[in-house]
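Visitor:
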Amino acid sequence: MDRKLQRRMTNSFAFLMGGKIVVSEFEQALCEEMAHNRVVGAGGTEVPNVFRAQVSPKDFANLVSVNPGLAGNCADMLSRLARNEGWSRAGAVVVSIVESPKLRTGQLNCESHTDPAPAAASAFIDADGTVVGGTAVTPPQRDHRQVPSVPGRPAVPEAPLDGGAATYRGGRLYPADPAAGPAGLAGGHPAQPGHTGGGMPAPASPTGAYPPEPVRHAPTVTLLLQDGSSRTYLVMEGANIIGRASDVDFRLPDTGVSRRHAEITWDGRDAVLVDLHSRNGTMVNNIPVDNWQLADGDVITIGHSYIEVRITGETGM
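If you read the sequence shown in the UniProt record's numbering, its first letter stands for residue 1, the second for the next number, and so on.
1) Please tell me whether Asp115 and Ala90 are closer than 8 Å, where the distance is taken between their beta carbons.
2) As a quick exercise: from Glu25, Ser100, Glu99, Ala119, pick the residue whose alpha carbon is nearest that of Val93.
3) Which of the three DSSP states, helix, strand or coil, is assigned to Arg244?
4) Less than 8 Å between the C-beta atoms of Pro219 and His113, yes or no?
5) Would DSSP call Gly297 helix, strand or coil?
6) Can you tell me which residues form a DSSP beta bridge with Met283?
7) Can you tell me the Cα-Cα spacing of Gly243 and Asp267, whole angstroms?
8) Which same chain residues end up closer than 6 Å to Ile97 when comparing Cβ atoms and leaving out the 5 residues on each side of it in sequence?
9) Are the stretch 39–46 and the stretch 60–70 touching, with three or more C-beta to C-beta distances below 8 Å?
10) Comparing C-alpha positions only, which one of Ser278, Gly313, Val50, Val274 sits nearest to Ala117?
11) Who are the Cβ neighbours of Ile302 in its own chain at under 7 Å, not counting the five residues just before and after it?
12) Do you know how far the Cα of Ile300 is from the Cα of residue 329?
13) Return the chain-ordered list of same chain residues with a C-beta closer than 8 Å to the C-beta of Asp227, the five sequence neighbours on each side being excluded.
14) Specify the secondary structure class of Ala71 as computed by DSSP and reduced to three states.
15) According to DSSP, simplified to helix, strand and coil, what is Asp76?
16) For the beta strand (DSSP E) containing Val47, list its first residue and its last residue.
17) Would you mind reading off the limits of the alpha helix (DSSP H) that contains His36?
18) Let me confirm a value: Asn286 is counted as buried when at least 16 other C-beta atoms fall within 10 Å, else exposed. Which label applies?
19) How is Ile311 classed by DSSP in three states: helix, strand or coil?
20) Give the straight-line distance between the Cα atoms of Gly129 and Val248, rounded to the nearest whole angstrom.
21) Could you spell out where the beta strand (DSSP E) holding Val93 opens and where it closes?
22) Can you check whether the CB of Pro57 is closer than 8 Å to the CB of Glu99?
23) Quick one: give me the first and last residue of the alpha helix (DSSP H) that Ala61 is part of.
24) Hey, Val95 and Ala75: beta-carbon distance below 8 Å or not?
25) By Cβ distance below 7 Å, which residues in the same chain neighbour Arg279 in space, the five residues on each side in sequence not counted?
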């Protein structure tokens with residue numbers, strides 16, 4: 001059955017900080033727009049995937065200047081929010097930030113709907129309908145309702161469209177190198193035995209085998225406490241407890257932190273944060289969460305403490 005949301009909700013905000021919209025509040029408004037427009041049906045909870053945010057000319061110019069990638073970043077943020085909450089969506093998330101001369105500085109109007117194959121791309125769009133601030137980011141168009149997420153676990157990422165190998169790390173899908181073909185051969189064409197590109201016979205390989213594959217180092221997760229002390233904690237595989245007690249893995253001497261506040265579970269591929277029924281709750285990127293699959297650059301707020309998540313992994317010879 002073809003279900004399509006046509007519900008739209010327009011919210012007016014007056015977020016003023018020096019006369020300008022604050023980026024964090026802009027992101028929060030989009031998250032609330034998605035949450036407020038979710039629809040519960042027999043197949044689960046569905047949320048809109050196309051978002052249009054209108055701002056004043058002054059705010060538009062400021063956002064383009066300070067954060068030209070904001071539209072794409074917000075689309076990625078909303079995709080992760082839907083995945084972590086177990087919400088389904090009909091297609092790829094698209095965010096358009098549109099200049100509106102009708103709005104005053106500090107005002108923000110949000111609307112959303114569902115489109116299985118949105119033709120537009122995440123971008124800044126001026127009052128004339130022109131994309132500004134660089135090339136629009138077009139997400140892959142897939143039906144995101146075919147694979148329901150399992151409660152309590154992040155959804156399995158889709159396979160890349162080109163059939164190549166992809167890496168899934170920190171809640172993000174890193175596509176394969178388009179220049180590499182099957183089995184990692186450049187251009188996708190296997191070399192002919194005994195010949196080089198110039199037509200001369202190639203020297204025989206001592207073993208007759210292809211060069212060894214580069215060694216892929218496993219990713220690591222590091223927590224950086226943003227209190228000026230530069231304290232770090234390397235997340236170990238298994239459960240890692242964060243809290244105020246003396247027996248936790250990463251101790252925070254913060255009165256707003258519970259003794260056993262939150263837990264990060266790391267299996268070498270995915271790092272999942274779970275709030276342990278703390279007194280003051282846990283937030284990621286200013287969003288209250290019960291559980292959240294972490295990505296590189298996420299900021300965890302626990303009590304009065306801010307913790308930056310760094311997920312790294314290198315490929316060497």
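Ideal Cβ positions, reconstructed from N, Cα and C, are used throughout, including at glycine.
Guide: Inspection of the coordinates gives the following:
1) yes
2) Ala119
3) coil
4) no
5) coil
6) Pro288, Thr301
7) 21 Å
8) Ala53, Ala71, Phe124
9) no
10) Val50
11) Ile242, Leu252, Val257, His261, Ala262, Thr282
12) The structure shown does not extend to residue 329, since the chain is modelled only from 1 to 317, so the question has no answer here.
13) Ser305, Tyr306
14) helix
15) helix
16) Segment: none, Val47 is in no beta strand (DSSP E) and carries neither H nor E.
17) 23–36
18) exposed
19) strand
20) 54 Å
21) That residue, Val93, is in no beta strand (DSSP E); it is neither H nor E in DSSP.
22) yes
23) 57–66
24) yes
25) Ser258
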